[in-house]
Each structure stands twice: as structure tokens, then as C-alpha cells.
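As they're listed, the protein sequences go chains G and P.
Using the numbering used here, you'd call the opening residue of the first sequence number 3 and step up by one each time.
Using the numbering used here, you'd call the opening residue of the second sequence number 4 and step up by one each time.
These notes concern the structure reproduced below.
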Amino acid sequence: QQQVKQSPQSLIVQKGGISIINCAYENTAFDYFPWYQQFPGKGPALLIAIRPDVSEKKEGRFTISFNKSAKQFSLHIMDSQPGDSATYFCAASRSPYKLSFGAGTTVTVRA
Amino acid sequence: GAVVSQHPSWVICKSGTSVKIECRSLDFQATTMFWYRQFPKQSLMLMATSNEGSKATYEQGVEKDKFLINHASLTLSTLTVTSAHPEDSSFYICSATVGSGSTDTQYFGPGTRLTVL
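What follows is the structure, encoded as C-alpha cells:
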């Protein structure tokens, strides 16, 4: 049973556009929500993470929005660039335990 | 900081042989290390959780006798795929946890591509 549901499976965005990826979870005990970026043939790299005591966190062009009551969180990639083309995974855990990953979203940024 | 390395980055072996994959935390001591496998265009599947000096905890459906994990120190964990078969071909990724309790963060290695002929 997948504990974190991620959508869409893939998306295409024009250079300069906004990429939005959504995730939903069921386990209210989760208290750590990271996003990972993975390029083909490479391991995932931590992009940005949030804890439920804040509703939004921004780091550069990447923003996480968190809705605790809806049990949803999303990643926004502003001013998308071709170099952002990758697979993005959301995840959740009850610290310090194992991460539950979403299915992944393949983002393609068209120049 | 928080760099995790894996060796080898890729390996090809014959069916029936064993392969060892090393995972090292280069600039920190890892309280916990995790091993994942990933099939093409799929998400990461957790295989086991390992803590230094204790036996690994395997996820349901993962054969502990086939995937041997040894966590010898706070900076090194190894995964040995015993009697490998073509269906074991996959991308194996380790991760290590930095911090403790609510501040822990999981960092991933670059992965090891295993191909069993």
C-alpha cells in the first residue's frame, strides 16, 4: 500500500514556466516531508524539505506548500529551466524512521 | 557536507556469483543507513535498514539470506547480493541519515548499477 500518492506521473513545461507536483499522504504521524531530484543513472539528491509546523518553504526557485488539514503538499518550480528536467520524488516519514516515497514525476522542460 | 559514496558505480557479473556493494558516508558518521533498489522508471523500494553493530532490519518480501547487509562502522555499510540471478539486475542505492530525532536528514549515494548475465 503506497503511503504517499504523487501526481502527475509526468509533465512538460516551457522554459520559464511553473512546474507543479502534488503529493498526498494518509499517515498523520508523518512529520518530515522532503523532495528529491533524480537524474538518469544517479542517486536522488535532496532538494528541499518541510516540517508540518510551517505552511510554506522557499529555497531559490523551489517552493514547498504544505496543507496539514488536507494532508497534501506540493512542489513548485518557478522559472523552470532545461536543467530542471529530471524525475522528482516526494517522500514522507515519521522522524527518524524510514521514508515512504511517492511514485515519481518526470519533468521535461522545453527550451 | 553530507556526502555518501558507493562502490562500484556499476558491475556486471555472471549468474550464480556474489557481488558486494559498499556504501560510505565520507564526511559524517551515519547513525542509520538504508538500502534501496530501483527498477527503470519506478520509485525507490526500501530493502533494509541497518544500524552500526546490529543486524539489519529487512522489509517484507526481501530475502535476508540473499541480500546480506553488514554495517561494520558508522561510515561503512555493505550489501552483498549472493548467488545473483538476472532478476537481481537493478539499480541499488544506499542512503545515510545525518542528525538525530526530528532533525535527521537522509542523503543518498550515487547508486550502483548491477547487471547479472
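Just so you know, even glycine gets a beta-carbon here, dropped at the ideal spot from N, CA and C.
Please read all numbers here as calculations on a predicted model, not as lab measurements.
A direct Cα-Cα distance of roughly 7 Å separates THR65 of chain G from GLU58 of chain G.
Counting C-beta pairs closer than 8 Å gives fewer than three between the region 27 to 40 of chain G and the region 16 to 32 of chain P, which falls short of the contact rule.
The C-beta of LYS100 of chain G comes closer than 9 Å to at least one C-beta of chain P. By the neighbour-count definition (other C-beta atoms within 10 Å, threshold 16), ILE14 of chain G is an exposed residue. From the beta-carbon of GLY112 of chain P, the residues of chain G found nearer than 8 Å are GLY45. For the C-beta of GLY19 of chain G, not a single chain P residue is nearer than 7 Å; the gap to the nearest is close to 24 Å. The C-beta of ILE24 of chain P has 16 or more other C-beta atoms within 10 Å across all chains shown, which makes the residue buried. Put simply, of P:GLY114, P:VAL119 and P:LEU120 the residue whose alpha carbon is nearest the alpha carbon of GLN41 of chain P is P:GLY114. Around the Cβ of GLN16 of chain G, a 10 Å sphere holds fewer than 16 other Cβ atoms; the residue is exposed. Looking at the backbone, the Cα of GLN4 of chain G and that of PHE103 of chain G are separated by about 8 Å. Contact holds between the region 92 to 99 of chain G and the region 36 to 51 of chain G, because three or more Cβ pairs, one in each stretch, are under 8 Å apart.
By the neighbour-count definition (other C-beta atoms within 10 Å, threshold 16), TRP38 of chain P is a buried residue. Closest by C-alpha distance to GLU28 of chain G, out of G:ALA72, G:LEU48 and G:SER21, is G:ALA72. At a cut-off of 9 Å between beta-carbon atoms, PRO36 of chain G makes contact with chain P. Closest by C-alpha distance to MET48 of chain P, out of P:THR118, P:THR78 and P:SER98, is P:SER98. For chain P, the residues of the region 9 to 33 of chain G that bring a beta carbon within less than 9 Å of one of its beta carbons are ASP33, in chain order. When DSSP reads this structure, GLU61 of chain G sits in a beta bridge with G:PHE64.
Taking PRO42 of chain G as reference, the option from G:TYR90, G:VAL56 and G:ILE23 with the minimal CA-CA separation is G:TYR90. Using a C-beta cut-off of 8 Å, the region 47 to 64 of chain P makes contact with the region 74 to 86 of chain P, since at least three inter-stretch Cβ pairs fall below that distance. Of the other Cβ atoms in all chains shown, fewer than 16 fall within 10 Å of the Cβ of ILE15 of chain P; this residue is therefore exposed.
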